[in-house]
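> Residue numbers (full-length UniProt numbering), protein chains in the order written: chain A, 1 to 275; chain B, 1 to 266.
We put the CB at the ideal spot given by N, CA and C, even for glycine.
Predicted model, so just to flag it, every value in this text is computed and none were measured.
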């Protein structure tokens, strides 16, 4: 390629040679501003090497106290708490995943063409997503009382909106030609959804639900702190009395459980999706 | 010169390629024919090392390429460009970037880091890609996403990508099986032209005997992983086809057409 050839091509198709200098300058300015803002924000939160160093020392003390991990005297209680956490995560995710399916269809632009309906459904998701699981748990503990029921409800309510949004997005990115095939064969809207859309999105929905189950097993540990059942109560009690060796024991068990769930869900996904 | 020595590939229960020995002189256009499942695709994929051989060796200019790994393997793949039946373009990238994918194995050091980070190539390379696209009448669609193009256009883009690799060898795996006759002709003409004008060796898998006869210097017929015919196109006459495949040429053509239909539907 001689220089003249390059110049000729640049003249013929300038867009193929990158953005205009003005756009590039603006982009550079934007990046610089973002970096400035980021460092300013970090400074505002006291993100200084000195504080980080001191924090590390505190962490080291806790780590020293954790070795060796010990089940303590009430290991039966720990096991029960863990089982309760897993059950809460499972039930909560199940309910959320099921309720989110129809809501996901309602929020998908290529299914619900009525603009106003879709818009309100989407904003409803946004509203629910703005409230964290822990807030829901606090509310449900007041409403239905202490215990795992509040935890299950909190997990389900918080996840419905998130899963519905993810499902809606999965539905919007399907391949339209396959649906067209069903339409051309005389399928109505229900047939299109059932035979054109659902087979494409089901694997995605399933993997997302499985991931949420795993993630909820982790976050269910926190719900106990506010009295919504599960292992969290045991953890917070032990932290209060500085029984870090027992906390370490519980954490190790949690890691094993999450790893097991991850392994099981990978196998399940493979079986159901056949990938 | 490309040399295969007793090249064999076994899958679980079947032997896809069974002791194929072959010498391809530089600049030859070799057509490989055979029914579906004869091992044509596996043979080409073995040469590009997309599939690892179970036994045997591949020599290029006397150098053993069966044991290459890391950068040396990437350089070998750059030198033997692959063209696929289903084009294998990145659908969400624009046509120009798809063609520039052919330059990836040419980037080193800082340039490579820059390309990976920003996805932008040098002006000379872009001009080169545009010139390649222009050669096949595709310069106007350079900035469209690959998914907006027809099959024939996509295969020509794939050919541009292959040429950008500056290969010594082009491995075309059923390049025209998913194309209509007019586009098929354009792609075969392009392959022939590249072979003639630039002296690039071409190995092309084909369903149709007629196409192979029309464009190739030499024809290799495969059956159940083995080479059952190797010679000049005119030597593979009707009687020879019946000998080799036990069916007449018309039946062979009908079967090829059916396989092509299946491929187009898939």
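1. State buried or exposed for residue 30 (chain A), treating a residue as buried only when at least 16 other CB atoms are found within 10 Å of its CB.
2. In chain A, which residues lie with their C-beta within 8 Å of the C-beta of residue 120 (chain B)?
3. Using alpha carbons as the reference points, say which of A:37, A:213, A:224 lies closest to residue 233 (chain A).
4. Give the interface partners of residue 123 (chain B) over in chain A, defined as CB-CB distance under 8 Å, in chain order.
5. In terms of alpha-carbon separation, which member of A:81, A:261, A:150, A:131 lies closest to residue 209 (chain A)?
6. Apart from the five residues just before and just after residue 50 (chain A), which ones in its own chain have a Cβ nearer than 8 Å to its Cβ?
7. Anything in the region 125-138 of chain B with a Cβ closer than 9 Å to a Cβ of chain A? List those residues in chain order, please.
8. Please determine whether the Cβ atom of residue 213 (chain B) lies at a distance below 7 Å from any heavy atom of the ligand ATP.
9. What's the call for residue 256 (chain B), buried or exposed, on a 16-neighbour Cβ count within 10 Å?
10. Mind checking who residue 205 (chain B) pairs with in its DSSP beta bridge?
11. Can you name, in chain order, every residue of its own chain whose Cβ lies under 7 Å from the Cβ of residue 154 (chain B), other than the five neighbours on each side?
12. Should residue 1 (chain A) be flagged as near chain B, meaning a C-beta pair shorter than 8 Å?
13. Tell me the residue span of the alpha helix (DSSP H) that contains residue 248 (chain A).
14. Does residue 266 (chain B) pass the burial test, meaning 16 or more other C-beta atoms within 10 Å, or should it be called exposed?
15. In chain order, what residues of the same chain lie with their CB nearer than 7 Å to the CB of residue 214 (chain B), ignoring the 5 residues before and after it?
16. Is it a yes or a no for the region 9-22 of chain B touching the region 184-203 of chain B, going by three-plus beta-carbon pairs under 8 Å?
17. Let's see if you can read the secondary structure: which residues bound the alpha helix (DSSP H) around residue 41 (chain B)?
18. Between the C-alpha atoms of residue 35 (chain A) and residue 43 (chain B), what's the straight-line distance to the nearest angstrom?
19. To be precise: take each residue of the region 30-52 of chain A, compare its Cβ to all Cβ atoms of chain B, and keep it if any distance is under 9 Å. Which residues remain?
20. Report the rounded CA-to-CA distance for residue 238 (chain A) versus residue 32 (chain A), giving the unit in angstroms.
21. Residue 55 (chain B) bridges to which residues according to DSSP?
22. Is there a Cβ of chain B sitting closer than 8 Å to that of residue 13 (chain A), yes or no?
23. Name, in chain order, the residues that DSSP records as bridge partners for residue 24 (chain B).
24. Show which residues of chain A have a CB atom less than 9 Å away from the CB atom of residue 93 (chain B).
25. Using the Cβ count rule (16 or more neighbours within 10 Å means buried), how would you classify residue 137 (chain B)?
26. At a CB-CB cut-off below 9 Å, which residues of chain A make contact with residue 143 (chain B)?
27. Quick test of your reading: residue 160 (chain A) and residue 96 (chain A), contact by CB under 8 Å. State the CB separation rounded to the nearest angstrom.
28. Whole-angstrom Cβ separation of residue 137 (chain A) and residue 156 (chain A), contact assumed at under 8 Å?
29. When you compare only the Cα positions, how much space is there between residue 3 (chain A) and residue 127 (chain B)?
30. Here's a check: name, in chain order, each residue in its chain whose Cβ is nearer than 6 Å to the Cβ of residue 167 (chain A), leaving out the five neighbours to either side.
31. DSSP three-state call for residue 81 (chain B): helix, strand or coil?
32. How far does the alpha helix (DSSP H) with residue 222 (chain B) in it reach, from first residue to last?
33. Can you tell me whether residue 266 (chain B) is helix, strand or coil according to DSSP?
34. Using only alpha-carbon positions, find the residue among A:9, A:180, A:231 that is nearest to residue 125 (chain B).
35. Ignore the nearest five residues each way along the sequence and tell me which others in residue 38 (chain B)'s own chain have a CB closer than 6 Å to its CB.
36. Let me know if residue 176 (chain A) comes out buried or exposed under the rule of 16 or more other beta-carbons within 10 Å of its beta-carbon.
In short:
1. Counting from one through the first chain, the residue named residue 30 (chain A) turns up at place 30. Exposed is the call here.
2. Sequence index remark: in the second chain, residue 120 (chain B) carries index 120 (1-based). Against residue 120 (chain B), the close residues of chain A are 18, in the order they occur along the chain (beta-carbon pairs closer than 8 Å).
3. The count along the first chain starts at 1 and reaches residue 233 (chain A) at position 233. With distances taken between Cα atoms, residue 233 (chain A) lies closest to A:224.
4. Here residue 123 (chain B) refers to the residue found at position 123 of the second chain. Going along chain A in sequence order, the residues near residue 123 (chain B) (Cβ under 8 Å) are 6, 10, 17.
5. Taking the first chain and counting its residues from 1, one reaches residue 209 (chain A) at position 209. Nearest option by C-alpha distance: A:261.
6. Residue 50 (chain A) sits at position 50 when you count from the first residue of the first chain. Once the five neighbours on either side are set aside, residue 50 (chain A) has no close Cβ partner at all.
7. The residues in question are 125, 126, 127, 128, 129, 130, 131, 134.
8. This structure does not include the ligand ATP; it has no bound ligands of any sort.
9. For the purposes of this step, residue 256 (chain B) is taken as residue 256 along the second chain, with counting starting at 1. Answer is buried; the Cβ neighbour count reaches 16.
10. Along the second chain, read from residue 1 onward, the residue named residue 205 (chain B) stands at position 205. According to DSSP, which records beta bridges pairwise, residue 205 (chain B) is partnered with B:32.
11. Working through the second chain from its first residue, we reach residue 154 (chain B) at position 154. So the list reads 87, 89, 146, once near-sequence residues are dropped.
12. By 1-based counting over the first chain, the position of residue 1 (chain A) is 1. Yes, because at least one Cβ of chain B sits closer than 8 Å to the Cβ of residue 1 (chain A).
13. The residue given as residue 248 (chain A) occupies position 248 in the first chain. 244-273 is the span of the alpha helix (DSSP H), which, as asked, contains residue 248 (chain A).
14. Translated into the one-based positions of the second chain, residue 266 (chain B) becomes position 266. Only weak support exists for where residue 266 (chain B) lies, its pLDDT of 49 falling under 50; the value from the coordinates is given anyway. The Cβ neighbour count for residue 266 (chain B), taken over all protein chains shown within 10 Å, is under 16; the residue is labelled exposed.
15. To locate residue 214 (chain B), count along the second chain from 1; it is residue 214. Cβ within range, chain order: n/a, list empty.
16. Contact fails: fewer than three Cβ-Cβ distances are below 8 Å.
17. For the purposes of this step, residue 41 (chain B) is taken as the residue at position 41 of the second chain. Here the alpha helix (DSSP H) through residue 41 (chain B) covers 40-48.
18. Counted from its first residue, the first chain places residue 35 (chain A) at position 35. Counted from its first residue, the second chain places residue 43 (chain B) at position 43. So the alpha carbons of these two residues sit roughly 52 Å apart.
19. For the region 30-52 of chain A, which is checked against every Cβ of chain B, not one residue is closer than 9 Å.
20. Taking the first chain and counting its residues from 1, the one referred to as residue 238 (chain A) is at position 238. Taking the first chain and counting its residues from 1, the one referred to as residue 32 (chain A) is at position 32. In a straight line, the C-alpha of residue 238 (chain A) is about 46 Å away from that of residue 32 (chain A).
21. If you number the second chain from 1, residue 55 (chain B) lands on position 55. When beta bridges are read from the DSSP output, residue 55 (chain B) appears opposite B:8.
22. As a working note, residue 13 (chain A) is residue 13 in the first chain. Flagged as an interface residue toward chain B: residue 13 (chain A), by a C-beta distance shorter than 8 Å.
23. The sequence position of residue 24 (chain B) within the second chain is 24, counting from 1. Partner(s): B:2.
24. Reading the second chain from its first residue, position 93 is the one you call residue 93 (chain B). In chain order: nothing, as chain A lies at least about 13 Å away.
25. Locating residue 137 (chain B) in the second chain gives position 137, where the first residue counts as 1. Residue 137 (chain B) is exposed by the Cβ-count criterion.
26. Start at 1 with the first residue of the second chain, and residue 143 (chain B) comes out as number 143. Here the neighbours are 13, 15, 16.
27. As a first step, residue 160 (chain A) must be located in the first chain, where it is residue number 160. As a first step, residue 96 (chain A) must be located in the first chain, where it is residue number 96. At roughly 5 Å, the Cβ-Cβ gap stays under 8 Å, so residue 160 (chain A) and residue 96 (chain A) are in contact.
28. Your numbering for residue 137 (chain A) matches position 137 in the first chain. Your numbering for residue 156 (chain A) matches position 156 in the first chain. The C-beta distance from residue 137 (chain A) to residue 156 (chain A) rounds to 11 Å, too long to meet the 8 Å contact threshold.
29. As a working note, residue 3 (chain A) is residue 3 in the first chain. As a working note, residue 127 (chain B) is residue 127 in the second chain. Cα-Cα distance, rounded: 10 Å.
30. Stepping through the first chain from its first residue, residue 167 (chain A) is reached at position 167. The beta carbon of residue 167 (chain A) lies closer than 6 Å to those of 100, 104, 205 in the same chain, with the five residues before and after it left out.
31. Counted from its first residue, the second chain places residue 81 (chain B) at position 81. Three-state result, residue 81 (chain B): strand.
32. On the second chain, position 222 is the one that residue 222 (chain B) refers to. In the DSSP assignment, residue 222 (chain B) falls outside any alpha helix (DSSP H) and lies within the beta strand (DSSP E) extending over 218-223.
33. Counted from its first residue, the second chain places residue 266 (chain B) at position 266. Residue confidence is low: residue 266 (chain B) scores 49 on pLDDT, short of 50, so the model does not pin down where it sits. No coordinate-derived value is stated.
34. Residue 125 (chain B) sits at position 125 when you count from the first residue of the second chain. Of the candidates A:9, A:180, A:231, the one whose C-alpha sits nearest the C-alpha of residue 125 (chain B) is A:9.
35. Counting from one through the second chain, the residue named residue 38 (chain B) turns up at place 38. Around residue 38 (chain B): 222, 223.
36. Numbered from 1 along the first chain, position 176 holds the residue referred to as residue 176 (chain A). Looking at its Cβ environment, which holds fewer than 16 other Cβ atoms inside 10 Å, residue 176 (chain A) is exposed.
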